[in-house]
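J.: This is the structure I have questions about; it appears just below.
Chains as they are written, first to last, in our numbering: chain A, -10 to 103; chain B, 2 to 115.
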């Protein structure tokens, strides 16, 4: 099974409220990633876990948190949603933390903040 | 800093015609280069990748791409497109930092007319 699953597929949130998105994979991949994608823009890396080590991108460091309670699951947490968080959130995983490794992506969670 | 440019936001071709989707990159060394495709209602999937050797790489569904160091390009090609090739195509690069971090282009929406 080479799938990455994301829940929910659609999420509605209110401004100022927290948001938690879930991702799972059953491929025993070491690395899991979260990307943010807005319409007509490139997917943008937010953070990634290699094993239990979290790496957050410098420009989104304070906006997103994440946890990885075990190898299969990874969450993306927004403490206080703002309108600018409305986007598609893509979870991905890869077998190893190397530069030429293929990423497997989930369908994404479309977050709408009102 | 590295970047990827896909100059054509939308491309429309007729079924059976040849296709070229353009990708230009900016990076001081030779990066690892990828093409991913997103079919409607699906997650991103790897089409092909390049990291060394023969500059022409073969991918799934008869796609191929040609790397050019002198032009800093990695154009995607297909000799004869099918209506099912309609999708969004993303060019991406990774650089040797022992991570799977990808820098994506904005994507090209391909429409194949029957």
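Virtual Cβ for every residue (Gly too), placed ideally from N, Cα, C.
Computed from a predicted model, the values in this text were never measured in an experiment.
Sort A:62, A:31, A:59 and A:54 by Cα distance to residue 70 of chain A and report the nearest one.
T.: By 1-based counting over the first chain, the position of residue 70 of chain A is 81. For residue 70 of chain A, the nearest C-alpha among the options comes from A:54.
J.: State the DSSP-derived secondary structure class of residue 73 of chain A, mapped to helix, strand or coil.
T.: In the first chain, the residue the question calls residue 73 of chain A occupies position 84. It is helical.
J.: For residue 3 of chain B, which residues in chain A fall below 7 Å Cβ to Cβ?
T.: The residue you call residue 3 of chain B lines up with position 2 of the second chain. Chain A residues near residue 3 of chain B: none, gap ~12 Å exceeds 7 Å.
J.: Under 8 Å, Cβ to Cβ, is there at least one residue of chain B near residue 73 of chain A?
T.: For the purposes of this step, residue 73 of chain A is identified with residue 84 of the first chain, where counting begins at 1. Taking Cβ atoms only, chain B never reaches closer than 8 Å to residue 73 of chain A, which makes this a no.
J.: I'd like to confirm the pairing. Which residues does DSSP put opposite residue 81 of chain A in its beta bridges?
T.: In the first chain, counting from the first residue as 1, residue 81 of chain A sits at position 92. According to DSSP, residue 81 of chain A bridges with A:22 and A:94.
J.: Within a Cβ cutoff of 7 Å, which residues of the same chain sit near residue 87 of chain B, ignoring the five residues on either side of it in sequence?
T.: Taking the second chain and counting its residues from 1, one reaches residue 87 of chain B at position 86. The residues are 111, 112 and 113.
J.: At the 8 Å Cβ level, is residue 77 of chain B part of the contact set with chain A, yes or no?
T.: Along the second chain, one-based indexing puts residue 77 of chain B at 76. Closer than 8 Å: no.
J.: For residue 81 of chain B, name the three-state secondary structure that DSSP assigns.
T.: Taking the first residue of the second chain as position 1, residue 81 of chain B is located at position 80. Here residue 81 of chain B sits in coil by DSSP.
J.: In the DSSP output, what is residue 45 of chain A paired with across the bridge?
T.: What you label residue 45 of chain A is simply residue 56 of the first chain in a count that begins at 1. The partner list for residue 45 of chain A (beta bridge, DSSP) reads A:36.
J.: Residue 60 of chain A by DSSP, collapsed to three states: which one?
T.: Stepping through the first chain from its first residue, residue 60 of chain A is reached at position 71. If DSSP states are grouped into helix, strand and coil, residue 60 of chain A belongs with coil.
J.: Does chain A have any CB closer than 8 Å to the CB of residue 55 of chain B?
T.: Counting from 1 along the second chain, the entry for residue 55 of chain B is found at position 54. Cβ-Cβ to chain A under 8 Å: no for residue 55 of chain B.
J.: Residue 43 of chain A CB to nearest chain B CB: under 8 Å?
T.: Within the first chain, the letter at position 54 stands for residue 43 of chain A. For residue 43 of chain A, the answer is no, since every Cβ of chain B falls outside 8 Å of its Cβ.
J.: Going by C-alpha to C-alpha distance, which of A:61, A:66 and A:60 sits closest to residue 50 of chain A?
T.: Within the first chain, numbered from 1, the residue matching residue 50 of chain A stands at position 61. Measuring from the Cα of residue 50 of chain A, the nearest candidate turns out to be A:66.
J.: Nearest to residue 47 of chain A by CA position, among A:40, A:58 and A:34, is which residue?
T.: Translated into positions along the first chain, residue 47 of chain A becomes position 58. The option with the nearest alpha carbon to residue 47 of chain A is A:34.
J.: Would you please verify whether the beta carbon of residue 14 of chain A is less than 8 Å from any beta carbon of chain B?
T.: Counting from 1 along the first chain, the entry for residue 14 of chain A is found at position 25. Chain B contact via Cβ: absent.
J.: Going straight from the alpha carbon of residue 16 of chain B to that of residue 59 of chain A, what length do you get?
T.: Within the second chain, residue 16 of chain B is the residue found at index 15, counting from 1. Within the first chain, residue 59 of chain A is the residue found at index 70, counting from 1. Computed Cα separation, rounded: 46 Å.
J.: What does the alpha-carbon distance come out to for the pair residue 42 of chain B and residue 82 of chain B?
T.: Against the second chain, residue 42 of chain B aligns to sequence position 41. Against the second chain, residue 82 of chain B aligns to sequence position 81. Roughly 20 Å separates the two Cα atoms.
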